[in-house]
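Asks: Numbering (the numbering used here), first residue to last: 405 to 644.
Here you go:
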C-alpha cells in the first residue's frame with residue numbers, strides 16, 4: 405500500500421509543520437500590517453496573529469501525537485501524478501459551487517483579490533486545515549482510542565474522518581441559512597458538495613499525508629477564490 409512508502413523521521417516531519425506554521429504566520433503578519441481589517445470577518449474577535457500563532461502551536465502538538473500512531477503523517481507518501489487525479493475531482497467540485505454562485509450569487513465581497521490573495525489563501529488554507537481537520541481529528545482519535553480499544557486503528561481513523569468531514573459543511577450551512585439570502589436547495593447543494601470535498605481531503609490525508617490534503621485545499625482556493633473570484637464581481641454584479 406502507498407502508506408508503506410518511506411517518510412521522514414518524526415523530527416523532520418514536525419520541522420515541516422513548524423515551517424508551514426511560520427510561513428502562514430509571516431504571511432498573516434504581512435497582510436495585517438497592510439490591512440488590519442482583512443482577517444476580521446474570518447477570525448471574528450480573535451486577533452489574526454493570535455489565531456495563526458495558536459494554530460501553529462496546536463498543529464505541532466497534534467502532529468506530535470498523530471505521528472506516534474503511524475497512520476497519519478505530514479509528508480512523503482504522495483506524488484504529483486497521484487495528486488493530479490484528486491485535483492481534477494476538486495475542480496469538478498468547484499464547478500458545482502460556481503454554478504450555485506451564478507444562479508444564487510454569494511456576497512460580492514467574499515473573495516480577497518490579488519495581490520493580497522497570493523499570501524492570504526495559502527495562509528488561510530493552513531489555518532482552516534488545522535482548525536477544521538487536524539485538531540478535531542486528533543481529539544476524536546484520542547477519545548476513540550480510549551473508548552474503542554478493541555477496534556483497529558484504521559477503523560478509529562475512519563470513524564473520526566466521517567465525523568470531522570461534517571464540521572465545515574455544518575458551519576457553512578448554518579451561515580448560509582442564517583443569512584436568509586439562500587433557498588434550501590442552495591444550502592443543501594453547497595453543504596453536500598462541501599461534505600464530499602472534506603471527505604476527499606481527509607481520505608487523501610489518510611492515504612497519503614497532510615501536505616497532500618493541504619494541496620487539495622490550495623487547488624480549491626486557487627480555482628474558487630482566486631480564478632473565479634477575479635471575474636465573478638463584474639460578471640454577476642456588473643461592477644469592477
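All C-beta atoms, glycine included, are put in the ideal place defined by N, C-alpha and C.
1) Are the beta-carbon atoms belonging to residue 361 and residue 591 less than 8 Å from one another?
2) Quick check on residue 452: does DSSP put it in helix, strand or coil?
3) Given a cut-off of 8 Å on the beta-carbon distance, is the pair residue 606 and residue 565 in contact?
4) For a quick check, are the C-beta atoms of residue 428 and residue 531 less than 8 Å apart?
5) Rounding to the nearest angstrom, what Cα-Cα distance links residue 602 and residue 437 in this structure?
6) Tell me whether the beta-carbon of residue 466 lies closer than 8 Å to the beta-carbon of residue 539.
7) What is the DSSP secondary structure of residue 484, reduced to helix, strand or coil?
8) Taking contact to mean 3 or more Cβ pairs, one atom from each stretch, closer than 8 Å, check whether the stretch 486-506 and the stretch 409-420 are in contact.
9) Which residues mark the beginning and the end of the alpha helix (DSSP H) in which residue 526 is found?
10) Between residue 478 and residue 613, how many whole angstroms is the CB-CB distance? I'm expecting something under 8 Å.
11) With a threshold of 8 Å, are at least 3 pairs of Cβ atoms found where one atom belongs to the stretch 569-589 and the other to the stretch 430-447?
12) Would residue 529 pass as a contact of residue 622 if the rule is Cβ separation under 8 Å?
13) To the nearest angstrom, how far is it from the Cα of residue 550 to the Cα of residue 456?
14) Where do the N-terminal and C-terminal ends of the alpha helix (DSSP H) with residue 540 fall, by residue?
15) Look up residue 501 in the DSSP assignment and say whether it is helix, strand or coil.
16) Is the Cβ of residue 442 closer than 8 Å to any Cβ of chain D?
17) Can you round the beta-carbon distance between residue 610 and residue 475 to whole angstroms, since I take them to be within the 8 Å contact cut?
18) Using alpha carbons as the reference points, say which of 524, 640, 536 and 517 lies closest to residue 575.
19) Of the choices 433, 463 and 491, whose alpha-carbon is the least far from that of residue 604?
20) Could you tell me the distance, in whole angstroms, from the CA atom of residue 527 to the CA atom of residue 424?
21) For residue 516 versus residue 524, is the C-beta spacing smaller than 8 Å?
22) Indicate the three-state DSSP secondary structure (helix, strand or coil) for residue 440 in the structure shown.
Replies: So, from the listed chains and residues:
1) This structure gives no information on residue 361, because the portion of the chain shown stretches from 405 to 644.
2) Correct three-state label for residue 452: helix.
3) In this structure, residue 606 sits near residue 565, with a CB-CB distance shorter than 8 Å.
4) Cβ distance < 8 Å, so residue 428 and residue 531 count as in contact.
5) C-alpha separation (whole angstroms): 32 Å.
6) Between residue 466 and residue 539, the C-beta spacing is below 8 Å.
7) Reduced to three states, the DSSP call for residue 484 is helix.
8) By the C-beta criterion, the stretch 486-506 is judged not to be in contact with the stretch 409-420, since fewer than 3 inter-stretch pairs fall below 8 Å.
9) Counting along the chain, the alpha helix (DSSP H) containing residue 526 begins and ends at 521-532.
10) Between residue 613 and residue 478 the Cβ distance is about 6 Å, and since that is below 8 Å, they are a contact.
11) Fewer than three beta-carbon pairs drawn from the stretch 569-589 and the stretch 430-447 are found closer than 8 Å, and the two stretches are therefore not classed as touching.
12) Between residue 529 and residue 622, the C-beta gap is smaller than 8 Å, which places the two residues in contact.
13) The C-alpha of residue 456 is placed about 30 Å away from the C-alpha of residue 550.
14) In this chain, the alpha helix (DSSP H) harbouring residue 540 covers 539-551.
15) In the three-state scheme derived from DSSP, where H, G and I count as helix and E and B as strand, residue 501 is classed as helix.
16) Of the chains in the structure shown, none is chain D; there is only one protein chain.
17) Indeed they touch by this definition, with Cβ atoms about 7 Å apart.
18) Of 524, 640, 536 and 517, the residue nearest in Cα terms is 536.
19) Just measuring C-alpha positions, the residue of 433, 463 and 491 sitting nearest residue 604 is 491.
20) Distance between residue 527 and residue 424, taken at the CA atoms: about 9 Å.
21) Yes, the pair counts as a contact, with Cβ atoms nearer than the cut-off.
22) Assignment of residue 440 by DSSP, reduced to helix, strand and coil, places it in the coil class.
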